[in-house]
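Student: Residue numbers (the working numbering): 814 to 914. All residues carry an ideal CB built from backbone N, CA and C; glycine is no exception.
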């Protein structure tokens, strides 16, 4: 890996770790489903970044399990955070619409 790519991954891991840590702290203090979904999206996003680094370094191989020609583990870590964020936004929009009526 080039030095710039290594530095970029270090920065992503550092700030992503801070976000995941703060999200987990918030999880213990909230009962709201919207926040729980946002926290899950953040934590799974960070887990995907860690997995990507492990694949780049050669420790993990995420491309062995495939369905329909797509590697499942990278697809899982790519799609799941977005699904959590979308569910949180949809739930928040739904709740906001209910309050106005």
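If you drop the 5 nearest sequence neighbours on each side, which residues of the same chain put their C-beta closer than 8 Å to that of residue 866?
Tutor: Translated into the one-based positions of the chain shown, residue 866 becomes position 53. These residues qualify, in order along the chain: 822 and 826.
Student: Could you check the C-alpha separation between residue 906 and residue 851 for me, to the nearest Å?
Tutor: Residue mapping note: residue 906 aligns to position 93 of the chain shown, counting from 1. Residue mapping note: residue 851 aligns to position 38 of the chain shown, counting from 1. Distance between the alpha carbons of residue 906 and residue 851: 14 Å.
Student: When the Cα of residue 814 is compared with those of 869, 882, 888 and 900, which residue comes out closest?
Tutor: Reading the chain shown from its first residue, position 1 is the one you call residue 814. Minimum Cα distance to residue 814 is reached at 869.
Student: Should residue 902 and residue 857 be called a contact, given that it needs their Cβ atoms to be closer than 8 Å?
Tutor: Numbered from its first residue, the chain shown carries residue 902 at position 89. Numbered from its first residue, the chain shown carries residue 857 at position 44. Taking 8 Å as the Cβ cut-off, residue 902 and residue 857 do not qualify as a contacting pair.
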